[in-house]
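Please read the structure below before turning to the comments.
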Amino acid sequence: MNYNLLDEPWIPVLFRDGRYERLGITDTLTRAHEIRQVAASNPMDRVAVLRFLLALLYWCKGNPPRDAQTQLHEPLPSTWFTALTAHRGVFELFGSGKRFYQYGGLGKKKPLSVNSLIHEVPTGTNINHFRHSIDGEDGLCPACCALGLIRLPLFTTQGGQGKRPGVNFKPPIYLIPAGDNLAETLRLSWMQIKNLGAPIWNRDTYHIPIDGEILFLEALTALPRRVWLRNPDIEDRCISCGRFTDLVRECDFEGAPKRELPNSWQDPHVVYFLNEDEIRSARADNTMKPGGFRTDRPWSRLMERFLGAESLASRDTDTRFLIVGFASDQTKYIDAWERTFTLPANTNRIAASDAIDRWSAAGARMPWRIKHPSPQRKPSSNEKAIIGSIRPHIEHTISSNLTELVTWDDESWNEASMEYRKLMEGVAESLSPGYSTAAVRRRGYLSRVLPDLSQKQNDVSETEPEDEEDADS
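In this text, residue positions in the sequence shown follow the working numbering: the first is 5, and each later residue adds one.
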């Protein structure tokens, strides 16, 4: 079967006039000014496609011309992409020769279900999914196979013996500047890079050196898994996208050669922060992990770190960002989510970060605000659990206004604290039932308790659990 990714329609896009189509690589790049965004249903695919297209842009054109940032809305000239035609063979998905993102010479081990490429489709004995599939019967269409392959550099996790994570180790939260069309989105991330290197498809083999510095295009395309797709052998519905077409049902799926990844690599779409003298990347919380309060979208800590990142936040125009998080626990895939956020021009990032810090600290202190008035008594597990149950609802409401909150003044934040008032009456009924004078008086007090935004968090006993990324090495 012939399936060349330059021509075959596999990239889902939404045009600016509202039309949805799938396009090949060439059409996607040359018509990028007509395309509003990558229209994949899973945000992981949106990031993977954008990063793949960015790697192609660097490979074909190199570093951006000086006027690139003044021509954000302009088409990407077709003359920039002559290298695609010249290297057409490296984008073949099937065939006996070199294949796209695949290793020849495998097959010594038992093949696995091709569904291993798609995180949200279960394989083997993984039964705790809303969707169910059967190895050897259900399969993927060639388009979904391609999407699964380009996920590998970004979202591969530690997978057991011999299966190491990608160059970013545990998948971080990705923040990508987003424009009004795909051409602008690519140009916003197209920055001067001192040493580009070469993508792995431009090598004789897909192996990259096992030590030493990893260069920019190597990092964007490095494969932590060795894959070889078996040829399509049945016509049926794709378990991922639902289209009725030729399906691949099996593949070889093995770990890549061990590589000592340098700590010097920093991804341009990742927020880094200093934690105990070690540079860490911001990662999505595992919300299924037992413990205290956790939000499914860790917006407050992420925003504080984002506002402190000069490489991402120092902009003199309003800039919209696509934020994508992938929560995982080793080989368990917990959640994938996305948000869009517009950073207003010339935002006072220090003041905004300080306000968010005070809001987060005030939420963490709420169990102390509602505890029994005895000064020697700490909040009970019941009091902590009740506040922990209402905070996600409040944080969801507040974080839905990310663009506005970075410009809020103290009065606006005080108004935001009133979101607690809607739920505190229920808290009061739960903690102080009955009709005695003391119970009624305490209910009245509890129903009026609001976060105290006057101070930062300064009592270690009141701190929230560590972020998932802070606890991992």
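All C-beta atoms in this analysis are idealised placements derived from N, C-alpha and C, irrespective of residue type, glycine included.
- With a beta-carbon spacing of about 20 Å, Gln334 and Val231 fall beyond the 8 Å limit used to define contacts.
- Taking 8 Å as the cut-off, the Cβ atoms of Ala182 and Trp14 do not count as close.
- Residue range 323-333 is occupied by the beta strand (DSSP E) that includes Phe330.
- Beyond the five residues adjoining it in sequence on each side, Trp269 comes within less than 7 Å, by CB distance, of Val171, Ile218, Ala223 in the same chain, given in chain order.
- Around the beta carbon of Pro16, 16 or more other beta carbons lie within 10 angstroms, which makes this residue buried.
- Only residues of its own chain outside the window of five on either side were considered, and among them Val275, Phe277, Ala286 have a CB closer than 6 Å to the CB of Arg309, listed in chain order.
- Restricting attention to Leu227, Glu254, Arg229, Cys245, the CA atom closest to the CA of Ile238 is found in Glu254.
- Spatial neighbours of Trp303 in its own chain (CB-CB distance under 6 Å, excluding positions within 5 residues in sequence) are listed in chain order as Ser403.
- Residues Asp320 of the same chain have their beta carbon placed closer than 7 Å to that of Asn350, with the five preceding and five following residues left out of the count.
- Of all alpha-carbon atoms in Leu406, Arg155, Asp413, the one lying nearest the alpha-carbon of Leu57 is that of Arg155.
- Residue state for Arg168 is assigned as coil, using DSSP reduced to three classes.
- Tyr107 sits in coil when the DSSP states are folded into three classes, being neither helix nor strand.
- Under DSSP, the beta-bridge partners assigned to Pro181 are Phe325.
- Contact between Phe95 and Ile29 holds: CB atoms are separated by about 7 Å, below the 8 Å threshold.
- For Asn279, there is no enclosing alpha helix (DSSP H); the residue is found in the beta strand (DSSP E) stretching over 276-279.
- Counting only runs of 4+ residues, the alpha helix (DSSP H) found wholly inside the region 78-106 occupies 86-90, in chain order.
- Within the DSSP bridge table, the entry for Ala340 names Phe330 as partners.
- In this structure, Ser393 is the residue among Glu282, Glu399, Val410, Ser393 with its C-alpha nearest to the C-alpha of Val431.
- In the structure shown, Tyr24 adopts extended strand secondary structure according to DSSP, grouped into three states.
- In this structure Leu454 does not touch Ser416 by the C-beta definition: roughly 14 Å separates them, more than the 8 Å allowed.
- Looking at the DSSP output, Leu251 sits in a beta bridge with Ile238.
- Here Thr127 carries a coil assignment [DSSP, helix/strand/coil].
- When beta bridges are read from the DSSP output, Gly259 appears opposite Arg229.
- Secondary structure at Arg35: coil, using DSSP grouped into helix, strand and coil.
- Contact between the region 362-374 and the region 336-353 is absent: fewer than 3 CB-CB pairs across the two stretches fall below 8 Å.
- Beta-bridge pairing by DSSP links Pro16 to Arg26.
- DSSP assignment within the region 365-450 yields the following whole alpha helix (DSSP H) runs of 4 residues or more, N-terminal first: 385-403, 406-409, 414-420, 425-435.
- In summary, Ser436 is buried, with 16 or more beta-carbon neighbours lying within 10 Å of its beta-carbon over all protein chains present.
- For Ser458, there is no enclosing alpha helix (DSSP H), as DSSP marks it with neither H nor E.
- For Lys114, the closest alpha carbon among the candidates Leu409, Arg234, Pro126, Ser244 is that of Arg234.
- Shown here for Tyr7: same chain residues with a beta carbon closer than 6 Å to its own, the five before and five after excluded, namely Leu97, Phe98, Pro146 in chain order.
- The alpha carbon of Pro261 has as its nearest neighbour, out of Leu409, Arg168, Trp205, the alpha carbon of Arg168.
- Counting only the Cα atoms, Met195 lies some 21 Å from Asn206.
- Under the DSSP definition of a beta bridge, Thr189 lacks any partner.
- Under the criterion of beta carbons closer than 8 Å, Asp49 and Leu153 do not qualify as touching, at roughly 11 Å.
- The continuous beta strand (DSSP E) containing Ile283 extends over residues 282-285.
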